[in-house]
Every structure is written in structure tokens, then in C-alpha cells.
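Below is one structure, written out as C-alpha cells; comments come after it.
Protein chains: 2
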Amino acid sequence: MTAPVLSPAELIDAMGTRARAAAGVLARLPSERRRAGLHGAAAAIRAARPAILAANARDVAAGEAAGLSAAMLDRLRLDEDRVSAIAAAVDQVAALDDPVGREIDRAVRPNGLALSRVRVPIGVIGIIYESRPNVTVDAAALCVMSGNATILRGGSEAAASNRALHAAFTDGLAAADLPAETVQLVPTTDRAVVGAMLMAAGMIDLIIPRGGKSLVARVQAEARVPVLAHLDGINHVYVDGAADPAMAEAVVRDAKMRRTGICGAMETLLIDRAYPAGAALVAALAATGCTLRGDAAAQALGVAEAADATDWDTEYLDAVAAVAVVDGLDGALAHIARHGSHHTDAIVTGDEDRAERFLAEVDSAIVLWNASTQFADGGEFGLGAEIGIATGRLHARGPVALEGLTTYKWLGRGTGQVRG
Amino acid sequence: MTAPVLSPAELIDAMGTRARAAAGVLARLPSERRRAGLHGAAAAIRAARPAILAANARDVAAGEAAGLSAAMLDRLRLDEDRVSAIAAAVDQVAALDDPVGREIDRAVRPNGLALSRVRVPIGVIGIIYESRPNVTVDAAALCVMSGNATILRGGSEAAASNRALHAAFTDGLAAADLPAETVQLVPTTDRAVVGAMLMAAGMIDLIIPRGGKSLVARVQAEARVPVLAHLDGINHVYVDGAADPAMAEAVVRDAKMRRTGICGAMETLLIDRAYPAGAALVAALAATGCTLRGDAAAQALGVAEAADATDWDTEYLDAVAAVAVVDGLDGALAHIARHGSHHTDAIVTGDEDRAERFLAEVDSAIVLWNASTQFADGGEFGLGAEIGIATGRLHARGPVALEGLTTYKWLGRGTGQVRG
Chain A
1 MTAPVLSPAE
11 LIDAMGTRAR
21 AAAGVLARLP
31 SERRRAGLHG
41 AAAAIRAARP
51 AILAANARDV
61 AAGEAAGLSA
71 AMLDRLRLDE
81 DRVSAIAAAV
91 DQVAALDDPV
101 GREIDRAVRP
111 NGLALSRVRV
121 PIGVIGIIYE
131 SRPNVTVDAA
141 ALCVMSGNAT
151 ILRGGSEAAA
161 SNRALHAAFT
171 DGLAAADLPA
181 ETVQLVPTTD
191 RAVVGAMLMA
201 AGMIDLIIPR
211 GGKSLVARVQ
221 AEARVPVLAH
231 LDGINHVYVD
241 GAADPAMAEA
251 VVRDAKMRRT
261 GICGAMETLL
271 IDRAYPAGAA
281 LVAALAATGC
291 TLRGDAAAQA
301 LGVAEAADAT
311 DWDTEYLDAV
321 AAVAVVDGLD
331 GALAHIARHG
341 SHHTDAIVTG
351 DEDRAERFLA
361 EVDSAIVLWN
371 ASTQFADGGE
381 FGLGAEIGIA
391 TGRLHARGPV
401 ALEGLTTYKW
411 LGRGTGQVRG
Chain B
1 MTAPVLSPAE
11 LIDAMGTRAR
21 AAAGVLARLP
31 SERRRAGLHG
41 AAAAIRAARP
51 AILAANARDV
61 AAGEAAGLSA
71 AMLDRLRLDE
81 DRVSAIAAAV
91 DQVAALDDPV
101 GREIDRAVRP
111 NGLALSRVRV
121 PIGVIGIIYE
131 SRPNVTVDAA
141 ALCVMSGNAT
151 ILRGGSEAAA
161 SNRALHAAFT
171 DGLAAADLPA
181 ETVQLVPTTD
191 RAVVGAMLMA
201 AGMIDLIIPR
211 GGKSLVARVQ
221 AEARVPVLAH
231 LDGINHVYVD
241 GAADPAMAEA
251 VVRDAKMRRT
261 GICGAMETLL
271 IDRAYPAGAA
281 LVAALAATGC
291 TLRGDAAAQA
301 LGVAEAADAT
311 DWDTEYLDAV
321 AAVAVVDGLD
331 GALAHIARHG
341 SHHTDAIVTG
351 DEDRAERFLA
361 EVDSAIVLWN
371 ASTQFADGGE
381 FGLGAEIGIA
391 TGRLHARGPV
401 ALEGLTTYKW
411 LGRGTGQVRG
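These protein sequence lines map, in sequence, to chains A and B. Okay, so the first sequence: first residue is 1 according to the UniProt record's numbering, each after it adds one. Okay, so the second sequence: first residue is 1 according to the UniProt record's numbering, each after it adds one.
Okay, structure coming up:
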């Protein structure tokens, strides 16, 4: 790769102009053409597997030489199965319901003007991500299916892998006669390009950051372009006094320990002071190998370590949980209102009134009754995929897939109506 | 009014904290309570009419002394009828369908988890506006009905009027037992407070600017909080070769001249080179007193003045229109793509295929066939009111009323489901 001859702002301006042109074409293509493009991309990825794996091996070797952590190397590493899975995911996206053109509502006004709201693509989506090369393909596929042009900016550790995946993906699109600029990959790892993307209001319609908290925080702090992101998943499970103990144990174990590194993992367990089986619940969670940090009442139930004030606001993403004993539903609601991050919270109870109050009053994107917080996932919600989980309050909230990548316009069909 | 003792950031922080608490209460009140609060506010405004008019007289006198333009004084001035109309508008908002709690969709997952998406208020809305005191009440009423707390920051010219209207409005809410901090008015005209509102991410969920282009541009440039706004309404009417001449004249006259100062007014007339009655159309529009500025071909049809390059990008908001002759539908689409502001554009034609292409391909919030652009209005669209017309692409687009002031959350009701 040669050094860029354009400034970061000029580069993004040029890419944005091409993306806008592609978006205009893409928005008018019928579903079948976008689906065909994606099937072409999936086939091209399968065909390019040797080149993709060779590029990935270079990234992994460079990462090992640079001393990347084992976790980062795992996120970076591809193998035959992972490349196959990446291609299969593209085929799956191509099979989803198309939101573009879907009518949201319609009405005929008293003057005879026939109005309808119809979903249309957003336009140009910028994706800023870190070391997982599969994001290159996953994000691009969702954007293509929803009729959007995409500008991808991946992490420098995965640069060769991303270029190989992007080359295959766009070859596949081109074979299906989709515009060449439908999916563009920023051709430099210069960090200033991220800043230029964040400032590109009017060129990029929406930025979606995919990565760790520091990336997302930087994007949210600097962007002049709208951002769809989640920052923290400080998720709670509240075990109510009326919870079934076996169900409580199963839900809490799954919410915390099924996978500890995902944003839907439980970080804080709230136990109703009136719950009779608190000590057994604590013991069951501790028996999974989870480190527990509790307040004094939780320690009295068997929690080994004392929590400090920061624990209630910490997203561990690890086999660690904070445990607090609260005074019933009101205590749980107050704790979540103070410490929650508006991502996913759950209540376990057999009392329907309390459950409905919890569902109504917890101000989070996802609120669950008698189910694990680890269901916070577009696939589990029936969306077929997800580009992220939004914890902001505007546009889309919770798991975001194709619908969240569209907007709408109002169409009015008249017979010469004037306001007069 | 005494000088504020808090810094602008401290003031907004304190107001935001109170607003968040009020929003939590408001979001859980049933429709009836919010409706009762609004009827109380309307009654209190009627009862306070003498005090409101006295306050307004002070603002008007100060404005005259300061040399405000006649147009600004007209926007500022209240009389008995205008106050009655303000109160009546609040009663009308109280009669609208309540979006809060409305189910968007639902599904039972294969594992039995019952999912639904339900509309909830956004939370805390900041309204930044200029000299029209009625915005104090109109905006507050829409926010209350949609379950949101509001922080209002009006123009300094209307400070006394806004205080009087706000005092009556909140007295009425309080009489119906709604939280005192449901609607707060910034108690200073210090411009730095606007800056503090724009930076108040996490305290204010959404900023809606209501006013002229310089206000909206400042808000969009500086805000760290999401903004719902429209900047320009550079709206086009394209008169196609297959247009009925009588309909074309009626639509164009209405779109331009019914009211020239509103954002839905036509600014540019595009005439198909193949349209046989172009000269008559130009003459009809000129006969209304509209100044016309055209390209060479439009001048050949009778347009008196030559347009320069800036005319195609100008929102006149006056009895002035740019006129261009274009090569059919493709020429019109290209002109709108280059110069439009994504607000409202219309085609007049008897050719359904061309009309449907125009509806599909023009990338604007509102696209109309055989109807005047002046229908761009929440009331005309059956929304019962509007807080503005959004020309951005995220969250809400076009006329925004109660639904646009809500977001949603996902509710899941299970029986102990775990992902395992």
C-alpha cells in the first residue's frame, strides 16, 4: 500500500462522493439485484479463501511480532471454517426480508391526497471497527441488503485480511453488476481518516462504531455525523422475592457465564432481601467460577469479596459479577436507574404485577421477564442478523439489523390539490 | 430577573436533573393524566390572558425601542385572539392519539420468549427557539402529551411573554397534579446557556431548534446532543410535459404564493422543455406578483430576470422564484439531486409512470404528485400538530408530531429461557 496522496478530508470527500453516487443507484435496485449481489459476494469469498487466509496469516504474524494479546489474536485469526462462516452469513443476509419499499402506514386525507410512508435506505453508512475482520463482510452485507453504500474503516491489525475480504466481496458484487463503489474500504490505516469520517456530515449519513469502549467513546465524543452505538452493557438481573429458585439459578448462571465477553452479559446481580434462597443462588453462581463482589448483605449470603463504589458502574466483560441485596422491586428499580446503562435488564419473578412494573419502569433498550440477558442479540430477536445493539434513544434502540439501516419518506399522490 | 448565580453548565445540569426526574414520573402516567394536565394548562392560559398580554406589551415596547423589524414584531405580538388560539391548540394536542405504550410489533420466538416493541417517551427534550412566544406553549404541549420533560429556551425579545405563558402553563399542569419540573423555562437569556444545552449529552436526549437558518445552523454545528431540525426548504415543482396546464398553474401558484415565508414554499420551478404551455405558466406565476429569475430558456418563455448560479441554491422565503427549463424527467431529477435540500418536491404530470419514478427517485422527506408543496405540514398530514419538519435522515423525517417524540423499547416475557 502506498502512502495516501490525499489529505484525510480529501480522501473521505472523494470516497463519500463515490458512495453517494452508488447509494443513488443501489436505492433503486429491486431486492433481487441486491440479493444476487450478496450471493455473488459469498461465492467470491469462498473462491478467494486461499488468498484471504494468506493475508490473514500475515496479519497474525505481524500481530504476534507486535505482542498482541491472545484475545486480540483470536479475534483476528481466520481459518477455513471461519471464512466459510463469513460467506454463509452473507448468504443468510441475502435471504432476509427486504425493508426497502415497505409501507409503514397510509391514509387518504379528506381532500383526497393519498399519503404513505415508505422505507428507504439511509444512504451512506460509515463503519469504524477494530480487529475482527469478519466485520468487514458482516457490516457490508447488511448495508447492501438495506440499499446503503458503505465506507469501511477497519483496524490496522487486520489491514491485510480486510483488504482481501473486501476485494472478494466487491468482486462478487461487480459480477452481479452492482456499482463498484457500493462498498469501499478506506485504503489507509492513518488514524486521521477516522477523524475525517466523523466530521463528514452531508457525505456520510450515519456512523456505526464496532469495537471496544475507547473506540466508541471517541466516536461519540467527536462525531458531527449521527452515530448509532452502544457504549456499555451494565446489565442487571433482579431476582425477586417471588422468583422460582431453580429458574433464578438457571437464568443468572446463563446471563453471567454463558459468554462473559458479550455486551448482553449480566454484570450485576440484584437479590431481593425477601428472596428466601439467596445463599443458594450465590453459591450456585460462585460454583461456576465467577468471582463475586458484594455489599455487606450480599457478603452475608456468601459473596466472598467486598464491592467498592466503582463495582456498580463497571462492565467487567469477564467472569466477575457485582452482587447487591435490594429492598424489593423499588430497590431494584432505584439501583438500575442509578447504575444501569440502558442496555438489557431482567427480572426473575413469579409475580406478574411486579414483572409488568419492571418491564414498564426500567428505562433500557431491552427489558426481560424470566429470561437471560444473553438473549440481547439480533439473531435471537428474529432479525436474522445485527449490526449492533443501540443504547441511544433516537432512531433505533436495541438490536439493529436491516430496518434500523433504513429511514422513510412521505409520498403523496394527488389530483391537483392546493391548500388555497 | 436577577443575574444567574450558576454557570450555564451548572444551570443546565440542575435543570436537566430535575427534568430527568420529571420524565421518569411522566413516562408512567396514563394518557388521561397527561390529557388532564394539558386541559389544565389551556384553562390556565385563558385565565392568565391579562397577565400574558401585559407581559407581551412590555416585550413589544422593548422591541420597538430596539428597532426590531415589522416582521419580527408581528411574530412577537400577541392579542386576545392569538392567546385564545394558543390555548385552543393545547386542547387539540390533548385530544390526539397517545403514542406512548403503542405496540409496534410482536412475535413469539421458537423458544417461547414473547417479544414486543413498545413506544416510550424519548425523555428530556430541549427546545431552542426565537421570537414567537406561541412556541413556548405549542412545543411544551406536544412534549407533555408524548410523555417527555421539556427544557425551553426562548428568544430574548419574547422573554416576558414566555415567562408569563410558561407560568400559566405550569400552573395548569400543577393543578392537574403533574410534576412541577415537567416543563422548565431557562430563566436567563444568556446566550451561553444555549451552548450548555447543546453540550448536555446524557442530560438532554434531543434538541429541536425552531427558528431561522442561523439558529438552526449553529445548533447543528455545535450540538453534542442529537438534533431534529430542518435547515433549508429549497423545494421544487417540476411541471412535466404531460401536465394538465390548468392543474400546473394552480399547483405552482399555490406552492409559491399561498404563503411565501414557510418552509414548504416552492423556491424553484422546473419546466419540462416538452411542456407546451410554459409561456402561459410563466405568465400566470408572474401575474401573482412573483419575481422570476430564470435560465436562458426560461427567459425565452417570458421570465424577466436572469438567474445567476446562486439562485438554484437559494431559499427565498419571499415572492421570488427561480425558473429552469429541464430536459424531461431526467433533467428534473438531476437538478433536484444537485440543488434540493431534501425537504419537499412535487411533480405535476398526467403520466403515472413518470410520476412513480419521481416519487421513487427524489430523495426528499416529502415527495408529491399533483399536489402543492405547501401541504408539507403536520396538520395537513393528519398528525394533528407538528413540532417541526425534519430534513435529516435519522429517527424521523418530514413532519414530526407525537410519534416522532417517542422511541421504543423491547419487552421480552419468558418462562425461564436461557441461551445455554
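Glycine residues also receive a C-beta, built at the ideal position from the N, C-alpha and C atoms.
Q) Among 221(A), 319(A), 247(A), which one has its Cα closest to the Cα of residue 200(B)? A) Start at 1 with the first residue of the second sequence, and residue 200(B) comes out as number 200. Closest by alpha carbon: 221(A).
Q. Going along the chain, which residues of the region 395-420 of chain B sit with their C-beta nearer than 7 Å to a C-beta in chain A?
A. The residues in question are 395, 397, 398, 407, 408, 409, 410, 411, 412, 413, 414, 415, 416, 417, 418, 419, 420.
Q | Inter-residue spacing [alpha-carbon to alpha-carbon] between residue 68(B) and residue 181(A) | A | On the second sequence, residue 68(B) is found 68 positions in, with the first residue counted as 1. On the first sequence, residue 181(A) is found 181 positions in, with the first residue counted as 1. Cα to Cα, residue 68(B) sits roughly 52 Å from residue 181(A).
Q) In three-state terms, what does DSSP make of residue 315(A)? A) Counting from one through the first sequence, the residue named residue 315(A) turns up at place 315. Three-state DSSP puts residue 315(A) in coil, outside helix and strand.
Q. Would you call residue 50(B) buried or exposed, if buried means 16 or more other Cβ atoms sit within 10 Å of its Cβ?
A. As a first step, residue 50(B) must be located in the second sequence, where it is residue number 50. Under a 10 Å Cβ-count criterion, residue 50(B) is classified as exposed, with fewer than 16 other Cβ atoms of the shown protein chains found around its own Cβ.
(Q) Suppose only complete runs of 3+ residues qualify. What are the beta strand (DSSP E) ranges in the region 199-282 of chain B, listed by chain order? (A) List check, beta strand (DSSP E) in window: 206-210, 235-239, 266-272.
Q) beta strand (DSSP E) containing residue 13(A): first to last residue? A) Your numbering for residue 13(A) matches position 13 in the first sequence. No beta strand (DSSP E) holds residue 13(A); the alpha helix (DSSP H) holding it covers 8-26.
Q: Would you tell me roughly how many angstroms separate the C-alpha atoms of residue 81(B) and residue 66(B), rounded to the nearest one?
A: On the second sequence, position 81 is the one that residue 81(B) refers to. On the second sequence, position 66 is the one that residue 66(B) refers to. Approximately 26 Å between the Cα atoms of the pair.
**Q.** Beta-carbon contacts of residue 315(B) that lie in its chain and below 7 Å, excluding the five residues immediately before and after
**A.** Against the second sequence, residue 315(B) aligns to sequence position 315. The beta carbon of residue 315(B) sits closer than 7 Å to the beta carbons of 232, 233, 234, 267 from its chain, once the five residues preceding and following it are set aside; these are given in chain order.
**Q.** Interface residues of the region 361-378 of chain B facing chain A [CB-CB below 9 Å]
**A.** For the region 361-378 of chain B, which is checked against every Cβ of chain A, the residues closer than 9 Å are 361, 362, 363, 364, 365, 366, 367, 368, 369, 370, 371, 372, 374, 375, 376, 377.
Q. If you compare alpha carbons, which of 153(B), 272(B), 207(B), 388(B) is closest to residue 8(B)?
A. Reading the second sequence from its first residue, position 8 is the one you call residue 8(B). When only C-alpha atoms are compared, the closest one is 153(B).
Q | Entirely enclosed beta strand (DSSP E) segments - the region 90-144 of chain B, minimum 3 residues | A | Taken in chain order, the whole beta strand (DSSP E) runs of length 3 or more contained in the region 90-144 of chain B are 103-108, 114-121, 124-129.
**Q.** Interface positions of the region 106-140 of chain A facing chain B (Cβ-Cβ less than 7 Å), listed along the chain
**A.** Of all residues in the region 106-140 of chain A, 107, 109, 113, 115, 122, 123 have a Cβ within less than 7 Å of some Cβ in chain B.
Q: Report yes if the C-beta distance between residue 146(B) and residue 406(B) is below 8 Å; otherwise report no.
A: Residue 146(B) sits at position 146 when you count from the first residue of the second sequence. Residue 406(B) sits at position 406 when you count from the first residue of the second sequence. A contact, by the Cβ cut-off of 8 Å.
Q: Give every residue of the same chain whose Cβ lies closer than 8 Å to the Cβ of residue 379(B), excluding the five residues on either side of it in the sequence, and list them in chain order.
A: Within the second sequence, the letter at position 379 stands for residue 379(B). If the five residues before and after residue 379(B) are omitted, its C-beta is found closer than 8 Å to the C-beta atoms of 385, 386, all from its own chain and listed in chain order.
Q. Using a threshold of 7 Å, is the CB atom of residue 264(A) nearer than that to any non-hydrogen atom of the ligand ADP?
A. Only the bare structure without any ligand can be found here, which leaves the ligand ADP out of the picture.
Q) Is the shortest distance between the beta-carbon of residue 250(A) and the beta-carbons of chain B less than 8 Å? A) For the purposes of this step, residue 250(A) is taken as the residue at position 250 of the first sequence. Judged by the 8 Å Cβ criterion, residue 250(A) is in contact with chain B.
Q) Mapping DSSP to helix, strand and coil, what is residue 78(B)? A) On the second sequence, residue 78(B) is found 78 positions in, with the first residue counted as 1. Three-state result, residue 78(B): coil.
Q.
Between residue 215(B) and chain A, is any beta-carbon pair separated by less than 8 Å?
A. Residue 215(B) sits at position 215 when you count from the first residue of the second sequence. Output row for residue 215(B): interface = no.
Q.
Using 8 Å as the threshold, is the C-beta distance between residue 157(A) and residue 53(A) below it?
A. For this step, residue 157(A) is matched to residue 157 along the first sequence. For this step, residue 53(A) is matched to residue 53 along the first sequence. Residue 157(A) places its beta carbon 8 Å or farther from that of residue 53(A).
Q | Length of the line joining the Cα atoms of residue 99(A) and residue 394(B) | A | Stepping through the first sequence from its first residue, residue 99(A) is reached at position 99. Stepping through the second sequence from its first residue, residue 394(B) is reached at position 394. Approximately 15 Å, taken between the alpha carbons.
(Q) Comparing C-alpha positions only, which one of 348(B), 369(B), 39(B), 412(B) sits nearest to residue 345(A)? (A) Mapped onto the first sequence, residue 345(A) falls at position 345. Measuring from the Cα of residue 345(A), the nearest candidate turns out to be 412(B).
Q. Relative to chain A, which residues along the region 12-29 of chain B have a C-beta separation below 7 Å, given in chain order?
A. Answer in chain order: 28.
Q: Would you kindly check if the distance between the Cβ of residue 83(A) and the Cβ of residue 41(A) is under 8 Å?
A: Your numbering for residue 41(A) matches position 41 in the first sequence. Your numbering for residue 83(A) matches position 83 in the first sequence. No, the pair does not count as a contact, with Cβ atoms beyond the cut-off.
Q. Tell me the DSSP bridge mates of residue 399(A)?
A. Position 399 of the first sequence, counting from 1, holds the residue named residue 399(A). In the DSSP assignment, the residues bridged to residue 399(A) are 389(A).
Q. Going by Cα to Cα distance, which pick from 122(A), 333(A), 277(A), 273(A) is closest to residue 423(B)?
A. The structure shown does not extend to residue 423(B), since chain B spans only 1 to 420, so no value can be given for it.
(Q) Per the DSSP calculation, residue 374(B) is bridged to which residue(s)? (A) Position 374 of the second sequence holds residue 374(B). For residue 374(B), DSSP assigns no beta-bridge partner whatsoever.
(Q) According to DSSP, simplified to helix, strand and coil, what is residue 320(B)? (A) Here residue 320(B) refers to the residue found at position 320 of the second sequence. Note: residue 320(B) maps to strand in three-state DSSP.
Q) Which chain A residues sit within Cβ distance under 8 Å of residue 382(B)? A) Position 382 of the second sequence holds residue 382(B). For residue 382(B), the C-beta contacts it makes with chain A under 8 Å involve 107, 109, 115, in order along the chain.
Q.
Given this structure, state the Cα-to-Cα distance separating residue 210(A) from residue 352(A), to the nearest angstrom.
A. If you number the first sequence from 1, residue 210(A) lands on position 210. If you number the first sequence from 1, residue 352(A) lands on position 352. In this structure, the alpha-carbon of residue 210(A) lies about 37 Å from that of residue 352(A).
Q | Distance CB(residue 327(A))-CB(residue 273(A)) smaller than 8 Å | A | Locating residue 327(A) in the first sequence gives position 327, where the first residue counts as 1. Locating residue 273(A) in the first sequence gives position 273, where the first residue counts as 1. In contact: residue 327(A) and residue 273(A) (Cβ atoms closer than 8 Å).
Q.
Using only the alpha-carbon positions, how far apart do residue 55(A) and residue 44(A) sit?
A. Along the first sequence, read from residue 1 onward, the residue named residue 55(A) stands at position 55. Along the first sequence, read from residue 1 onward, the residue named residue 44(A) stands at position 44. Taking C-alpha positions only, residue 55(A) is separated from residue 44(A) by approximately 16 Å.
**Q.** Own chain partners of residue 481(B) with C-beta closer than 7 Å, once the 5 adjacent residues on each side are dropped
**A.** Coverage of chain B is limited to positions 1 through 420, which leaves residue 481(B) absent and any answer about it impossible.
Q. With which residues is residue 157(A) paired in a DSSP beta bridge?
A. Translated into positions along the first sequence, residue 157(A) becomes position 157. Partner(s): none; residue 157(A) has no beta bridge.
**Q.** Three-pair Cβ contact test at 8 Å for the region 250-261 of chain B versus the region 279-294 of chain B
**A.** A contact between stretches requires three or more CB pairs, one per stretch, nearer than 8 Å, and the region 250-261 of chain B meets this requirement with the region 279-294 of chain B.
Q.
To the nearest angstrom, how far is the alpha carbon of residue 27(B) from that of residue 176(B)?
A. Position 27 of the second sequence, counted from the start, is the residue given in the question as residue 27(B). Position 176 of the second sequence, counted from the start, is the residue given in the question as residue 176(B). CA-CA distance, residue 27(B) to residue 176(B), rounds to 16 Å.
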